[in-house]
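Below you'll find the structure, written out as structure tokens, and then a few comments.
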Ligand SMILES: *Cc1c(COP(=O)(O)O)cnc(C)c1O
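Numbering (this note's numbering), first residue to last: 3 to 427.
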């Protein structure tokens, strides 16, 4: 290996082709979608108190099957998981100014859903090994204003929900699980996402199964389920028509999933277990071949759970590798392997740094509903920040089919860069 062999210094790439993209669709989805289109009924929801308030036949059938699959009393579809998160935060009855503890190492919507109800996101730190919320850090961030915790089962494995639920019970807090990336995985013998008061999954194009856009909320609580259905579908009108006494957080939305998407979702759900076990097998093969590279740590799967490998979240120890994580990432990208050396530190987004959300005057933070000064400065989540700045190396394994030949190419790229580490610095 000479320096100029490395693609970053002009050498031939280890991966010259485009890696095969993941596609969970087949003929079943085509037939299911066509059947709905032929029926002419692309959505049957009615935003008033009527039997169609709960949606059309495909939506209801999909919800029934999803409830069975996830082992919950209620599965409620929505037009995106962002919508699902907004509905969930509303349904638990947050008041403006309530504090909701959330992870910074997640997709932005996990935290934005809190702001949508004028509640205040409070960022707790993550565990370095699993990237999930640290129970100790949640504890440190609980105040008398805390109302709820929004957990993300990030990259595809459950957070420590037994401990988090126990902590929440002690402090009388509600818990929401953002299990967008961990759909179909298990924790303590139950589906990830079903431990919280409300959980749920994304059906967006980038996820393990999808309907283009969409989401599913899950809960065992009848009252929360009905509240979610009201928020999904112009609840303020329905509450008036039914004479409901509970009007809390019934600001109307249209979060309804279409019939085509629901019909596709029914087919996708049937395939989920196979798709996941196939992904797990292929990732295991990749892991076996790169697990001895010095300074490279592969994803840690914590006890009593499995991993969907939405993202293969690795870490580099630059003191062992002798090269910074960013440079290794650049070298791998040059070889044709699309890896990232950062993920998310949501608290560092300008919206939080400048405390500018609704309008120009700092609402909700500057309003009297906000009971104390909540900090978002760099330093509040040291593990999440250090991972992003120094150690993290992610491969988006959900986006890749990982066929045998492609795994070999990926392994070649890693081995090539590691054998040339002395040249990269
Ligand atoms: C994808 C994702 C979302 C958003 O889901 P959409 O269906 O795209 O709105 C939220 N949280 C996490 C962790 C995600 O990965």
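Here a beta-carbon is modelled for each residue, glycine too, at the ideal position from N, C-alpha and C.
Short of 6 Å in beta carbon distance, which residues of its chain neighbour residue i, apart from the five on each side in sequence? Order them along the chain.
i           : result
residue 201 : 179, 181, 195 and 220
residue 325 : 423, 426 and 427
residue 238 : 252 and 254
residue 96  : 119, 121 and 149
residue 186 : 274 and 278
residue 154 : 105, 108, 112 and 180
residue 270 : 211
residue 287 : 409
residue 404 : 284
Between residue i and the rest of its own chain, which residues show a CB-CB distance below 7 Å, the 5 nearest in sequence each way excluded?
i           : result
residue 434 : This structure leaves residue 434 out entirely; the chain is present only between 3 and 427.
residue 337 : 9, 15, 16, 17, 415, 418 and 419
residue 333 : 8, 10, 419 and 426
residue 61  : 79, 259, 261 and 264
residue 229 : 93
residue 339 : 17, 412 and 415
residue 353 : 359
If I follow the unbroken alpha helix (DSSP H) through residue i, where does it start and stop?
i           : result
residue 112 : 111-117
residue 224 : 224-234
residue 242 : 237-244
residue 330 : 327-336
residue 322 : 320-323
residue 101 : Unbroken run through residue 101 is the beta strand (DSSP E), 101-104; no alpha helix (DSSP H).
residue 57  : From DSSP, residue 57 is part of no alpha helix (DSSP H); its letter is neither H nor E.
residue 289 : 261-292
residue 297 : From DSSP, residue 297 is part of no alpha helix (DSSP H); its letter is neither H nor E.
residue 30  : 29-41
By how many angstroms is the C-alpha of residue j removed from the C-alpha of residue i?
i           : j           : result
residue 378 : residue 385 : 14 Å
residue 254 : residue 217 : 18 Å
residue 419 : residue 99  : 50 Å
residue 211 : residue 193 : 15 Å
residue 358 : residue 8   : 45 Å
residue 415 : residue 17  : 7 Å
residue 13  : residue 6   : 5 Å
residue 305 : residue 112 : 25 Å
residue 69  : residue 328 : 43 Å
residue 148 : residue 47  : 36 Å
residue 409 : residue 72  : 31 Å
residue 383 : residue 125 : 7 Å
residue 347 : residue 390 : 7 Å
residue 166 : residue 156 : 15 Å
residue 139 : residue 127 : 6 Å
residue 142 : residue 213 : 39 Å
residue 308 : residue 189 : 7 Å
residue 318 : residue 397 : 13 Å
residue 310 : residue 400 : 8 Å
residue 345 : residue 244 : 46 Å
residue 303 : residue 101 : 30 Å
residue 421 : residue 295 : 9 Å
Just to confirm my understanding: we take residue i, look at its own chain, exclude 5 residues before and 5 after, and list those with CB closer than 8 Å. What are they?
i           : result
residue 44  : 38, 260, 261 and 262
residue 129 : 135, 136 and 385
residue 66  : 77
residue 34  : 265, 266, 268 and 269
residue 215 : 81, 82, 205, 206, 207 and 263
Go ahead and label residue i buried or exposed: buried means 16 or more other beta carbons lie within 10 angstroms of its beta carbon, across all protein chains shown.
i           : result
residue 203 : buried
residue 163 : buried
residue 316 : buried
residue 321 : exposed
residue 247 : exposed
residue 20  : exposed
residue 25  : exposed
residue 331 : buried
residue 106 : buried
residue 110 : exposed
residue 276 : exposed
residue 52  : exposed
residue 158 : buried
residue 145 : exposed
residue 234 : buried
residue 350 : buried
residue 375 : exposed
residue 174 : exposed
residue 370 : exposed
Which residues bound the beta strand (DSSP E) around residue i?
i           : result
residue 149 : 148-154
residue 77  : 76-80
residue 176 : 176-180
residue 220 : 217-221
residue 419 : Careful: residue 419 lies outside any beta strand (DSSP E), inside the alpha helix (DSSP H) at 406-421.
residue 124 : 122-125
residue 200 : 200-204
residue 394 : 394-397
Indicate whether at least one CB of chain B lies closer than 8 Å to the CB of residue i.
i           : result
residue 240 : In the structure shown, chain B does not exist; there is a single protein chain.
Is any heavy atom in ligand 2 found nearer than 7 Å to the beta carbon of residue i?
i           : result
residue 215 : Looking at this structure, you won't find ligand 2 anywhere; what it does contain is ligand 1.
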